[in-house]
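Visitor:
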Amino acid sequence: METAAKQLQPWKGIINQYARYLPVSDATPVITLCEGNTPLIPATNFVEAIGGKFELYLKYEGLNPTCSFKDRGMTMAMTMAKERGAEVVICASTGNTSASAAAYATRANMKCVVLLPNGNIALGKLAQALLYGATTVAIEGNFDDALRIVIELGETGKVEVVNSINPARIEGQKTASFEICDQLGRAPDFHFLPVGNAGNITAYWKGFKEYYSVKKADRLPRLFGFQAAGAAPIVDGAPVAQPNTVATAIRIGNPASWQGANNALKESKGHIAKVTDAEILAAYKQIAQTDGVFVEPASAACLAGLIKCHQAGMIPEGSVITATMTGHGLKDPDNAIQNAGFEPTIVEASKEAVMKVIGL
Ligand code: AN7
336 METAAKQLQP
346 WKGIINQYAR
356 YLPVSDATPV
366 ITLCEGNTPL
376 IPATNFVEAI
386 GGKFELYLKY
396 EGLNPTCSFK
406 DRGMTMAMTM
416 AKERGAEVVI
426 CASTGNTSAS
436 AAAYATRANM
446 KCVVLLPNGN
456 IALGKLAQAL
466 LYGATTVAIE
476 GNFDDALRIV
486 IELGETGKVE
496 VVNSINPARI
506 EGQKTASFEI
516 CDQLGRAPDF
526 HFLPVGNAGN
536 ITAYWKGFKE
546 YYSVKKADRL
556 PRLFGFQAAG
566 AAPIVDGAPV
576 AQPNTVATAI
586 RIGNPASWQG
596 ANNALKESKG
606 HIAKVTDAEI
616 LAAYKQIAQT
626 DGVFVEPASA
636 ACLAGLIKCH
646 QAGMIPEGSV
656 ITATMTGHGL
666 KDPDNAIQNA
676 GFEPTIVEAS
686 KEAVMKVIGL
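Under the numbering used here, the first residue of the sequence shown is numbered 336, with each subsequent residue one higher.
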């Protein structure tokens with residue numbers, strides 16, 4: 336049916352935009368919330384503040400429909416699930432995957448079950464899963480426990496797993512690399528991103544390689560990934576039994592796409608390192624207060640990493656760097672309020688009282 340929206344809105348989501356690079360056909364029932372097309376924001380003040388002589392662009396994935404990069408993978412996973420006739424989807428999540436799965440399942444008229452680590456989910460993400468109407472199960476364990484249970488449930492054949500072990504997720508998420516190249520008019524020299532379950536670093540590398548192979552990009556970037564110090568299995572070379580970090584999104588001790596991350600790092604001559612919670616929170620505050628970009632702590636992990644790499648002299652002058660800001664800062668209002676360094680000043684409701692407080 337010809338609809339008014341066809342005229343009004345040129346961007347119809349990542350599957351429509353990049354169909355030729357995705358495993359879809361004209362008959363595929365696309366489940367979309369018009370995700371993707373997120374801005375690539377120059378972070379000039381941040382670069383100046385850290386004394387950098389390079390260009391930094393933030394791929395602000397917090398502006399996706401459920402406010403994280405997960406929507407790129409979820410439009411594909413849910414579309415494939417629908418095409419196969421699935422009725423129930425399930426995922427384990429540190430929060431963002433569950434928010435995205437819940438929203439896309441609703442659009443697909445599918446039932447959605449999400450398993451969350453009890454007490455370790457940012458408030459906004461929990462609010463999303465509940466409001467979109469997912470069956471929300473908080474397990475007394477961590478993300479790794481939840482993912483193990485989800486994989487076991489998937490083996491029953493009664494539910495469709497939409498975690499990034501589902502290859503459709505990686506296919507969707509690789510479109511962020513395409514967009515970066517399209518927006519920059521070239522590929523970056525370095526791409527920085529946080530690493531948790533390692534699906535995204537796997538997907539970005541796949542995307543950059545595919546775009547390079549069809550000559551849509553002129554070079555291959557080096558991928559630089561960062562884990563939180565208390566949840567750094569890939570850096571440490573062994574699973575972490577009790578992962579812990581203020582960046583709950585990446586509180587993961589046994590990443591499902593470990594091999595994919597290793598590949599990306601090796602093939603791109605990349606680098607993976609860990610950053611402390613203090614470094615994450617400092618970068619989190621800095622990018623908000625220098626450039627007005629509000630991200631969640633996990634996203635800031637890669638900026639903390641960039642600061643360290645710059646200080647270690649690892650970034651050549653004139654480099655073009657992109658970094659994925661994986662999730663919106665409003666996902667985690669508790670951390671924002673605790674770490675802003677500012678509090679509202681309460682005064683009586685008069686002009687004089689306000690003038691006194693603001694120093695006029
Ligand atoms: C904001 O939602 O794993 O390395 O269950 O939410 O691809 O796992 C979230 C991961 C980075 C890490 N930043 O990406 C989940 C989940 C944010 C995230 C990551 C996540 P991956």
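Every residue gets a Cβ at the ideal spot worked out from N, C-alpha and C, and that includes glycine.
None of the values given here were measured: they were computed from a predicted structure.
Looking only at its own chain, which residues have a Cβ that is under 6 Å from the Cβ of Ala440, when we skip the five neighbours before and after it?
Guide: Closer than 6 Å at the Cβ level, and outside the excluded window around Ala440, lie Val424, Cys447.
Visitor: Look up Leu391 in the DSSP assignment and give the residues it is bridged to.
Guide: In the DSSP output, where bridge partners are listed per residue, Leu391 has Ile656.
Visitor: Go ahead and pull the three-state DSSP assignment for Phe381.
Guide: In the structure shown, Phe381 sits in a helix (DSSP, three-state: H, G or I).
Visitor: Could you tell me whether the Cβ atoms of Tyr353 and Leu375 are closer together than 8 Å?
Guide: Result no, Cβ atoms of Tyr353 and Leu375 do not sit closer than 8 Å.
Visitor: Is there contact between the stretch 654 to 662 and the stretch 380 to 399, where contact requires at least three CB pairs shorter than 8 Å?
Guide: Result yes; three or more Cβ-Cβ pairs closer than 8 Å.
Visitor: Just to confirm, are Thr367 and Thr410 a CB contact at a threshold of 8 Å?
Guide: Result yes, Cβ atoms of Thr367 and Thr410 sit closer than 8 Å.
Visitor: For Ala464 and Ser499, which I take to be in contact (beta-carbon distance under 8 Å), what is that distance rounded to the nearest angstrom?
Guide: Wrong, their Cβ atoms sit about 17 Å apart, outside the cutoff.
Visitor: Under the DSSP definition of a beta bridge, which residues are partnered with Leu528?
Guide: DSSP lists Gly560 as partners of Leu528.
Visitor: If you drop the 5 nearest sequence neighbours on each side, which residues of the same chain put their C-beta closer than 6 Å to that of Asn388?
Guide: Residue identity differs from the one stated: residue 388 is Lys in this sequence, not Asn. For Lys388, where only same-chain residues beyond five positions count, the Cβ hits under 6 Å are Glu652.
Visitor: Reducing DSSP to helix, strand and coil, say where Val610 ends up.
Guide: Correct three-state label for Val610: strand.
Visitor: Is Asn532 near the ligand AN7, judged by its Cβ being under 7 Å from some heavy atom?
Guide: Yes.
Visitor: Helix, strand or coil: how does DSSP classify Leu451 here?
Guide: Strand, per DSSP.
Visitor: Is the separation between the beta-carbon of Ala427 and that of Leu450 shorter than 8 Å?
Guide: In contact: Ala427 and Leu450 (Cβ atoms closer than 8 Å).
Visitor: Residues bridged to Cys426 by DSSP?
Guide: Val449, per the DSSP bridge assignment.
Visitor: Measure the Cβ-Cβ separation of Ala696 and Ile615 and say whether it is below 8 Å.
Guide: Nothing can be reported for residue 696, as the shown portion of the chain is limited to 336 through 695.
Visitor: Buried or exposed: which applies to Ser548, given that a residue is buried once 16 or more other Cβ atoms fall within 10 Å of its Cβ?
Guide: By the neighbour-count rule (16 or more Cβ atoms within 10 Å), Ser548 is not buried but exposed.
Visitor: Measuring CA to CA, which of Glu506, Val496, Gly476 is closest to Ile456?
Guide: Selected option, being the one with the closest Cα: Gly476.
Visitor: Would you say Ala633 and Pro568 are within 8 Å of each other, going by their C-beta atoms?
Guide: No. Outside cutoff.
Visitor: Starting from the C-beta of Asp406, find all residues in its chain whose C-beta is less than 7 Å away, skip the five residues before and the five after it, and write them out in chain order.
Guide: Taken in chain order, the residues that qualify are Leu368, Glu370, Asn399, Pro400, Ser435.
Visitor: What is the DSSP secondary structure of Ser403, reduced to helix, strand or coil?
Guide: Ser403: strand per DSSP, three-state reduction.
Visitor: Please name the residue in Ala503, Ala378, Asp612 whose C-alpha comes closest to that of Arg419.
Guide: The option with the nearest alpha carbon to Arg419 is Ala503.
Visitor: Based on DSSP bridge pairs, tell me the residues matched to Ile474.
Guide: In DSSP, Ile474 forms a bridge with Pro452.
Visitor: I'd like the span of the alpha helix (DSSP H) that includes His645, first residue to last.
Guide: Per DSSP, His645 belongs to the alpha helix (DSSP H) from 632 to 646.
Visitor: Work out the CA separation of Asp524 and Leu555 for me, nearest whole Å.
Guide: Distance between the alpha carbons of Leu555 and Asp524 is about 7 Å.
Visitor: Which stretch, first to last residue, makes up the alpha helix (DSSP H) that contains Lys686?
Guide: Start and end: 686 to 693.
Visitor: Take every Cβ of the stretch 675 to 688, pair it with every Cβ of the stretch 458 to 474, and state whether three or more of those distances are shorter than 8 Å.
Guide: Judged by Cβ distances under 8 Å, the stretch 675 to 688 makes no contact with the stretch 458 to 474, as fewer than three pairs qualify.
Visitor: Taking the DSSP output, what are the residues bridged to Glu678?
Guide: Answer is none; Glu678 lacks a bridge partner.
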